[in-house]
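Enquirer: I'd like to ask some things about the structure below.
Residue numbers (UniProt numbering): 1 to 390.
Structure follows, in structure tokens:
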């Protein structure tokens with residue numbers, strides 16, 4: 001009879017561990033966070049009492065307390081210097097997830113030569129890039145660098161919102177609070193799902209404001225691009241970020257079917273999609289030149305920006321594994337049809353929910369996803385107001 005293998009959880013956050021790193025059993029996220037902090041000689045400050053909860057739900061909220069806990073559980077600074085490049089690829093692996101993006105923010109030191117992303121994100125030759133890496137393996141192109149910086153900014157914004165959210169607190173408190181213990185899958189109420197989706201979409205708008213050529217488009221075309229992308233965004237984010245690979249909420253349906261899971265979530269896991277690839281996939285879904293109603297003169301601008309992302313994605317994949325690049329590139333792009341199918345299912349679920357009065361659908365969600373652009377009586381007021389904010 002085979003004995004069951006018990007995997008000890010990460011000593012820092014309680015998430016699933018991937019082995020012993022720097023002298024401590026830990027996950028890839030905490031391993032990467034500790035390594036970056038040491039190599040970049042970063043210093044952090046705590047906004048509270050230097051006693052923040054560090055677990056897999058809130059590990060990205062306070063970098064000061066997370067680093068302190070890394071040291072408290074025994075991670076060794078001196079172990080960093082003995083690493084070889086083969087164990088420290090600059091690529092941020094999928095398993096690092098959202099928390100592996102938290103190396104930049106108001107409390108962190110910037111890497112040499114890097115700045116805040118320029119509002120003109122795609123194809124701007126004057127934009128800052130990370131220029132202190134010397135080897136060809138570590139050189140990343142400008143488009144991906146800036147998309148990554150935007151992702152860090154937005155993930156920090158989401159993390160801080162949910163850290164203070166009563167909804168998140170309720171969901172966590174209703175589960176098993178022990179570090180490393182299995183977390184119960186809880187079905188959100190419609191009110192909770194509305195707030196989560198609303199926040200996610202508002203942060204998405206702030207992200208879009210920095211993606212060229214979006215800032216220079218007229219309001220009508222901005223709204224068209226956002227409405228075309230919004231339901232895809234609500235699927236992409238949890239599909240990539242959610243540690244439970246079988247759960248993606250599609251409104252009025254707590255989880256996706258096995259077939260749908262096979263089409264998008266599982267392929268992402270199989271590919272071990274990297275953050276760099278994910279941010280490109282997001283940008284490609286957003287920069288859709290054939291979006292219905294987009295003015296002809298602006299279709300060309302969007303198409304050029306999209307082509308820049310396509311080239312950047314292929315260049316990045318080729319730099320990682322040239323022989324497998326065409327296959328991997330194709331597999332990532334093949335996620336688009338599955339994403340469209342899931343988007344349609346999300347829209348159908350929301351439409352039925354609203355039509356039959358099964359639950360109240362947030363007004364902003366209606367503006368983003370349900371309201372017809374051709375219906376002049378339904379001007380997206382809230383969306384326009386948020387777009388006009390600096």
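The beta carbon of each residue, even a glycine, is placed where N, CA and C say it ideally should be.
(1) Could you check how far apart the C-beta atoms of residue 283 and residue 309 are, in whole angstroms? I think they sit under 8 Å.
(2) Quick check: the Cα distance between residue 278 and residue 229, rounded to an integer number of angstroms?
(3) Could you name the residues of the same chain whose beta carbon sits closer than 6 Å to that of residue 312, not counting the 5 residues immediately before and after it, in chain order?
(4) Let me make sure I understand the geometry here. Which of 7, 12 and 367 has the alpha-carbon closest to that of residue 198?
(5) Between which two residues does the alpha helix (DSSP H) harbouring residue 272 extend?
(6) Would you decide whether residue 214 is buried or exposed? Buried here means 16 or more other CB atoms lie within 10 Å of its CB.
(7) Please report how far the alpha carbon of residue 60 lies from the alpha carbon of residue 66, in whole angstroms.
(8) State yes or no: is the C-beta of residue 231 within less than 7 Å of the C-beta of residue 343?
(9) Can residue 203 and residue 157 be called in contact, C-beta distance under 7 Å?
(10) Beta-carbon within less than 6 Å of residue 224's beta-carbon, same chain only, minus the 5 sequence neighbours each way: which residues are those?
(11) What alpha helix (DSSP H) runs, 4 residues minimum, are completely inside the stretch 271-346?
(12) Give me the residue from 53, 274, 297 and 384 with the minimum Cα distance to residue 316.
(13) Among the residues of its own chain, which have a CB less than 6 Å from the CB of residue 24, if the five just before and after it don't count?
(14) Between the beta-carbon of residue 210 and the beta-carbon of residue 271, is there less than 7 Å?
(15) Cα separation between residue 285 and residue 239?
(16) How big is the Cα-Cα spacing for residue 79 and residue 207?
(17) Tell whether a beta-carbon distance below 7 Å holds between residue 264 and residue 338.
(18) What ranges does the alpha helix (DSSP H) occupy inside the UniProt domain "Nuclear receptor" (7-82), keeping only unbroken runs of at least 4 residues that lie completely in it?
(19) Quick check: the Cα distance between residue 364 and residue 237, rounded to an integer number of angstroms?
(20) Residue range of the alpha helix (DSSP H) that residue 228 falls in?
(21) Alpha carbon to alpha carbon, what distance is there between residue 30 and residue 350?
(22) Tell me which residue opens and which closes the alpha helix (DSSP H) that residue 381 is part of.
(23) Taking 7 Å as the cut-off, decide whether the C-beta atoms of residue 38 and residue 63 are in contact.
(24) Sorted by chain position, which residues of the same chain lie with C-beta nearer than 8 Å to residue 46's C-beta, five sequence neighbours on each side aside?
Expert: So, from the listed chains and residues:
(1) If you number the chain shown from 1, residue 283 lands on position 283. If you number the chain shown from 1, residue 309 lands on position 309. The distance from the Cβ of residue 283 to that of residue 309 is about 5 Å, consistent with a contact at the 8 Å cut-off.
(2) To locate residue 278, count along the chain shown from 1; it is residue 278. To locate residue 229, count along the chain shown from 1; it is residue 229. Going by the C-alpha atoms only, they are around 15 Å apart.
(3) Here the question's residue 312 lines up with position 312 in the chain shown. Excluding the 5 residues flanking it on each side, residue 312 has same chain C-beta neighbours closer than 6 Å at 141, 143 and 144, in chain order.
(4) Residue numbering aside, residue 198 sits at position 198 when the chain shown is read from its first letter. Closest by alpha carbon: 367.
(5) Taking the chain shown and counting its residues from 1, one reaches residue 272 at position 272. Looking at the DSSP string, residue 272 is not in any alpha helix (DSSP H), and its letter there is neither H nor E.
(6) On the chain shown, residue 214 is found 214 positions in, with the first residue counted as 1. Buried, by the Cβ-count rule.
(7) In the chain shown, counting from the first residue as 1, residue 60 sits at position 60. In the chain shown, counting from the first residue as 1, residue 66 sits at position 66. Linking residue 60 to residue 66 through their CA atoms gives a straight-line distance of about 8 Å.
(8) Sequence index remark: in the chain shown, residue 231 carries index 231 (1-based). Sequence index remark: in the chain shown, residue 343 carries index 343 (1-based). Yes, these two residues count as a Cβ contact at 7 Å.
(9) Numbered from its first residue, the chain shown carries residue 203 at position 203. Numbered from its first residue, the chain shown carries residue 157 at position 157. With respect to the 7 Å criterion, residue 203 and residue 157 are classified as neighbours on the basis of their beta carbons.
(10) Position 224 of the chain shown, counted from the first residue, corresponds to residue 224. Closer than 6 Å at Cβ, skipping near neighbours: 291, 293 and 294.
(11) If you keep only unbroken alpha helix (DSSP H) runs of at least 4 residues inside the stretch 271-346, you get 275-286, 296-320 and 325-333.
(12) As a position in the chain shown, residue 316 is number 316, starting the count at 1. Nearest C-alpha to residue 316 among 53, 274, 297 and 384: 274.
(13) Looking up residue 24 in the chain shown gives position 24. Excluding the 5 residues flanking it on each side, residue 24 has same chain C-beta neighbours closer than 6 Å at 11, 73, 74 and 75, in chain order.
(14) Within the chain shown, the letter at position 210 stands for residue 210. Within the chain shown, the letter at position 271 stands for residue 271. Between residue 210 and residue 271, the gap from beta carbon to beta carbon reaches 7 Å or more.
(15) Counting from 1 along the chain shown, the entry for residue 285 is found at position 285. Counting from 1 along the chain shown, the entry for residue 239 is found at position 239. Distance between the alpha carbons of residue 285 and residue 239: 14 Å.
(16) Locating residue 79 in the chain shown gives position 79, where the first residue counts as 1. Locating residue 207 in the chain shown gives position 207, where the first residue counts as 1. Roughly 37 Å between the two C-alpha positions.
(17) Counting from one through the chain shown, the residue named residue 264 turns up at place 264. Counting from one through the chain shown, the residue named residue 338 turns up at place 338. With respect to the 7 Å criterion, residue 264 and residue 338 are classified as neighbours on the basis of their beta carbons.
(18) The DSSP assignment places complete alpha helix (DSSP H) segments of no fewer than 4 residues inside the UniProt domain "Nuclear receptor" (7-82) at 28-39 and 63-72, in order along the chain.
(19) In the chain shown, residue 364 corresponds to position 364, counting from 1. In the chain shown, residue 237 corresponds to position 237, counting from 1. If I take the Cα positions, the gap works out to 18 Å.
(20) The residue labelled residue 228 in the question sits at position 228 within the chain shown. 219-241 is the span of the alpha helix (DSSP H), which, as asked, contains residue 228.
(21) Indexing the chain shown from 1 puts residue 350 at position 350. Indexing the chain shown from 1 puts residue 30 at position 30. Residue 350 and residue 30 have their C-alpha atoms roughly 37 Å apart.
(22) Along the chain shown, read from residue 1 onward, the residue named residue 381 stands at position 381. From DSSP, the alpha helix (DSSP H) with residue 381 extends over 381-388.
(23) To locate residue 38, count along the chain shown from 1; it is residue 38. To locate residue 63, count along the chain shown from 1; it is residue 63. In this structure, residue 63 does not lie closer than 7 Å to residue 38 by Cβ.
(24) Counting from 1 along the chain shown, the entry for residue 46 is found at position 46. Within the same chain, residue 46 has close Cβ partners 52, 62, 64 and 65.
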